[in-house]
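Working notes, structure below.
There are 2 protein chains.
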Amino acid sequence: MSRSTAQPSARATTQEVILDAAEEVFADSGFHGATTRAIAECAQANAALIHYYFGSKEALFEAVFARRSEAINEERRARLAALHDADAVTLEAILDALLRPTVSLGRDPERGGAHYARLLVHVASGTDERSRRMTGERYNAIARQFIAEILATVPGLSRGDAVRGYMNAIAIGMSLMAPTGRTEDLSEGALSDRDLDAIISGAVRFIAAGIYALAAPGGGGGAADTLPGPTP
Amino acid sequence: MSRSTAQPSARATTQEVILDAAEEVFADSGFHGATTRAIAECAQANAALIHYYFGSKEALFEAVFARRSEAINEERRARLAALHDADAVTLEAILDALLRPTVSLGRDPERGGAHYARLLVHVASGTDERSRRMTGERYNAIARQFIAEILATVPGLSRGDAVRGYMNAIAIGMSLMAPTGRTEDLSEGALSDRDLDAIISGAVRFIAAGIYALAAPGGGGGAADTLPGPTP
DNA sequence: GTCTATAGTTCGATAGAC
DNA sequence: GTCTATCGAACTATAGAC
């Protein structure tokens, strides 16, 4: 049960040290499983300072969740803008711009966002009122932007199917951000641990093909035809 | 904060009533957020009975998680066997057999498994040691079976890509099981609430197209080619 | 700003009557 | 099997010295 006593930068304010520690402990144990004492210990700070700086455990949790969200979405917007500037807007490029800023959190050591990646999975998959509100507040605006981009790029796609495609992309992205160890267990060595680019491009290829399938005639809108024939 | 005081069948043992209540409260609040007192209140039973029947909160949690897992996987196996008997094995049919028993939990009122659906999402997306162990114990054997079926059905698919395809299918299935309300928020009425068959067949079509894309030449194995061209 | 000390709850678990 | 009563521990939060 040792913890890494997070100290990313040499010059960090006490607030930042607490935020770093809280990010790690909340990611490990969730909101209810984490304790302010464990966070203080991880930060090597006094437990009372958490309330001095943040007021409550709840407020600290929301501060941790909000801290990296704007940087993530700003990077997404910048990547989208770069695509438009270069006139290189394709569905695959849009999905890359959506997934790379979050998926790289857990797999690019230089970003130092592995703890936030786990926390984001925890909150975004939560069905309680706080999780739903926090996810919506920080990530619904960017979601609508990406849905609009997908809709404008794929001919014949309905708005409903664009939403389904976006939600499926997020679902796959989250499974890439959650280090459950399940992929490694199931692959039994057959899945060489590919690098970040290979992982993202594989996911992008998968999702793009899925979205194109929804846009194809008889794709997503209709009911029935429960067992369509193979389309190889 | 009212709760439904779950009483599914008229004749239910106290053990079953406690299991039903625990399923609901654990699904709502997670392991740490739930309390044995809240479970007892939901079950309209005495709090001490939880320890009399199950020994500890931890053991109750594992009993709840295990209870429906065998029925789910037995249904999956039966659906697979029926496909082989009818000589109707296609990738789409395999994915239907994988997803329907879980996705229908939350959307088919007659099954009464909506609470378990939320709990399963909670545990399967958790990165803590207990979540990883419980998911593996109950769902890794069936996972290997489906990976083998996918591998045998899709020509040119590597084992690693079969694992990726399976994990992507599970990720999408879990997002369909978690009632976060996000799809409804983002669709703004454009997504008519389709029935269970339409939701599953749409997901199956999406995933099958993704897996076929991994099997296509240059699909999943290679590195680089970060931004592939569109393939409409 | 940082610390000690502690108030006030609430938790999981158990003992023992019936 | 079911209940009441309660223990000891852990929790969030705060008061107040420095």
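Line by line, the protein sequences give chains A and B.
The numbering of the first sequence is this note's numbering, which starts it at 2 and goes up by one.
The numbering of the second sequence is this note's numbering, which starts it at 2 and goes up by one.
Positions of the beta carbon are idealized from the N, C-alpha and C atoms, including for glycine.
query, result
"What first and last residue would you give for the alpha helix (DSSP H) that runs through B/N235?", "With chain B covering only 2 through 233, there is no way to say anything about residue 235 of chain B."
"Applying a beta-carbon distance threshold of less than 8 Å, which residues of chain A neighbour B/A191?", "S159, R160, G161 and V164"
"So with Cβ pairs under 7 Å, would you call A/I173 a contact of chain B?", "yes"
"Does the beta carbon of A/A214 sit closer than 7 Å to a beta carbon anywhere in chain B?", "yes"
"Tell me the DSSP secondary structure of A/G230 in three-state form.", "At A/G230 the pLDDT is 41, less than 50, meaning the model places this residue with poor confidence; the figure from the coordinates comes in the next sentence. DSSP places A/G230 in coil when its eight states are reduced to three."
"Determine, using beta carbons only, whether B/V267 comes closer than 7 Å to chain A.", "Since the first residue shown for chain B is 2 and the last is 233, residue 267 of chain B is missing from the structure and cannot be characterised."
"Leaving out five residues on either side along the sequence, give the residues of the same chain with a beta carbon under 6 Å from the beta carbon of A/R80.", "A98"
"Which of the three DSSP states, helix, strand or coil, is assigned to B/A191?", "coil"
"What did DSSP end up calling A/P102 once you bin it into helix, strand or coil?", "helix"
"Quick one: does B/L187 have its CB under 7 Å from some CB of chain A?", "yes"
"Using the three-state DSSP reduction, which class does A/Q16 fall into: helix, strand or coil?", "helix"
"Can the beta-carbon of A/G166 be found less than 7 Å from the beta-carbon of B/G211?", "no"
"Taking the C-alpha atoms as reference points, what is the distance between B/E63 and A/L121?", "25 Å"
"If we require 3 or more residues per run, which beta strand (DSSP E) segments fall completely within the stretch 45-82 of chain B?", "none"
"Report the option in B/I208, B/L215, B/E76 and B/A217 whose CA atom is closest to the CA atom of A/A214.", "B/I208"
"For A/G174, count the other beta carbons within 10 Å of its own beta carbon; 16 or more makes it buried, fewer makes it exposed. Which is it?", "buried"
"Tell me the DSSP secondary structure of A/S126 in three-state form.", "coil"
"Using a Cβ cut-off of 7 Å, pull out every chain A residue sitting near B/A179, in sequence order please.", "S126 and T128"
"CA-CA distance, B/T181 and B/G31?", "15 Å"
"Would B/N169 be called buried (16 or more neighbouring beta carbons within 10 Å of its own) or exposed?", "buried"
"Can you tell me whether A/A149 is helix, strand or coil according to DSSP?", "helix"
"Is DSSP giving A/A35 helix, strand or coil here?", "coil"
"Select from A/H33, A/D29, A/Q16 and A/A67 the residue whose C-alpha is nearest the C-alpha of A/I51.", "A/Q16"
"Measuring only between beta-carbons, confirm whether B/G211 sits less than 7 Å from chain A.", "yes"
"In or out: B/A83 buried (at least 16 other Cβ within 10 Å) or exposed?", "exposed"
"Run through chain A and tell me which residues come within less than 9 Å of B/T136, C-beta to C-beta.", "T181 and R183"
"Following the continuous alpha helix (DSSP H) through B/A199, name the residue where it begins and the one where it ends.", "L197 to A216"
"What is the rounded straight-line gap between the Cα of B/R112 and the Cα of A/R101?", "38 Å"
"Using a Cβ-Cβ cut-off of less than 9 Å, list which residues of the stretch 24-36 of chain A approach chain B; keep chain order.", "A28, D29, S30, G31, F32, H33, G34 and A35"
"Looking at the C-beta of B/N74, does it have a partner C-beta in chain A at a distance below 7 Å?", "no"
"Quick check on the burial criterion: 16 or more other C-beta atoms within 10 angstroms. Buried or exposed for A/D29?", "buried"
"For A/A144, would you say it is in contact with chain B, using Cβ-to-Cβ distances shorter than 7 Å as the test?", "yes"
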